[in-house]
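Right, one structure below, let's go through it.
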Amino acid sequence: MKRSWNALVWIGFGVALFAGLSYYLFFIRFPETRDVPWANLLLFFVAGWLLAVGVRRAYRQPERYRGKISGVILGALSVLLFGLFCYGNFVLARQLPSASDALRPGQPAPGFTLADANGKTIALSELLNKNRAVLLIFYRGYW
Amino acid sequence: MQEFHAKGVEVVAISVDSNADSRKLCQTQGYTYPFLSDPQAEVIRRYGVLHPGAGMDGHDIARPAEFLVDRTGTIRWANLTEDVRVRARPENALKAVDSLTSAAGS
Numbered sequence: 004m005k006r007s008w009n010a011l012v013w014i015g016f017g018v019a020l021f022a023g024l025s026y027y028l029f030f031i032r033f034p035e036t037r038d039v040p041w042a043n044l045l046l047f048f049v050a051g052w053l054l055a056v057g058v059r060r061a062y063r064q065p066e067r068y069r070g071k072i073s074g075v076i077l078g079a080l081s082v083l084l085f086g087l088f089c090y091g092n093f094v095l096a097r098q099l100p101s102a103s104d105a106l107r108p109g110q111p112a113p114g115f116t117l118a119d120a121n122g123k124t125i126a127l128s129e130l131l132n133k134n135r136a137v138l139l140i141f142y143r144g145y146w
Numbered sequence: 008m009q010e011f012h013a014k015g016v017e018v019v020a021i022s023v024d025s026n027a028d029s030r031k032l033c034q035t036q037g038y039t040y041p042f043l044s045d046p047q048a049e050v051i052r053r054y055g056v057l058h059p060g061a062g063m064d065g066h067d068i069a070r071p072a073e074f075l076v077d078r079t080g081t082i083r084w085a086n087l088t089e090d091v092r093v094r095a096r097p098e099n100a101l102k103a104v105d106s107l108t109s110a111a112g113s
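If you want it as structure tokens, here you go:
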């Protein structure tokens with residue numbers, strides 16, 4: 004009997020790849036799927052299931068399906084992808100300097116004069132004169 | 008954004024991005040408030056929100072944070088995230104503005 008290639012393992016790996024990449028390319032834009040990457044965790048789960056079934060088939064029915072070695076390799080790669088994804092999202096993302104360095108309510112806000120995107124200089128003191136309050140949003144930059 | 012302006016609050020964003028990068032960001036994301044450039048992270052340092060070496064190429068950048076400053080130049084509300092991916096939702100800042108004005112009556 005001709006051995007057919009083990010589609011499930013390859014599809015499983017593809018889903019794992021997609022699970023990882025889609026977070027950064029798509030899901031990260033929506034707070035609902037960015038703050039807790041449940042959509043991607045779900046995709047990884049599906050990938051894992053496909054790989055498990057595929058590898059099991061290769062070992063139980065070697066006369067029908069290939070993929071004993073490739074299945075294990077792809078499975079290991081997928082686990083690695085999942086591990087990296089979790090590390091990036093749950094470990095690296097939380098590595099921030101101590102919040103105690105930041106200024107606290109009650110402290111005076113340091114003045115500054117900085118240029119905006121059009122080159123116009125803006126001073127904090129100016130803004131405070133013209134408005135009731137100013138909200139400063141510091142963001143990471145380097146998009 | 009209109010809600011902040013309606014309450015008399017000006018919003019400005021600060022990062023180490025150059026003016027050119029900020030312009031691009033504003034255009035693609037449609038932000039309408041001023042984006043200020045702090046390339047040496049001086050102001051970022053003064054506010055204590057430096058994230059040393061976390062940018063690409065090991066540059067110093069800011070950790071995400073918001074500060075509400077009143078007319079006397081005092082910080083009245085500060086919000087730092089524990090996780091870079093989670094940003095403050097505007098509702099929290101708006102609530103801070105409301106408590107500000109009800110306390111000071113200004």
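Protein chains in written order, with our numbering: chain A, 4 to 146; chain B, 8 to 113.
Every residue gets a Cβ at the ideal spot worked out from N, C-alpha and C, and that includes glycine.
Chain-ordered, the chain B residues with CB closer than 7 Å to the CB of Tyr142 (chain A) read Ala20, Ser22, Ala69, Pro71. When secondary structure is reduced to three states using DSSP, Ser25 (chain A) falls in the helix class.
Neighbours of Gln110 (chain A) in chain B, taken as residues at a C-beta separation under 8 Å, are given in chain order as Thr81, Ile82. In the structure shown, the three-state DSSP call for Thr79 (chain B) is coil.
Around the CB of Leu24 (chain A), fewer than 16 other CB atoms lie within 10 Å, so the residue is classed as exposed.
In this structure, the alpha-carbon of Arg69 (chain A) lies about 55 Å from that of Asn86 (chain B). Apart from the 5 residues on each side of it in sequence, Pro113 (chain A) has no Cβ closer than 7 Å to any other Cβ in its chain. Within chain B, no C-beta atom comes less than 8 Å from the C-beta of Arg32 (chain A); the nearest is roughly 10 Å away. Gly74 (chain A) and Gly91 (chain A) have their C-alpha atoms roughly 25 Å apart. The closest CA to that of Arg67 (chain A), considering only A:Ser7, A:Phe30, A:Ile31, is found on A:Ser7.
No residue range can be given for Glu66 (chain A), since it is assigned to no beta strand (DSSP E) and is classified by DSSP as neither H nor E.
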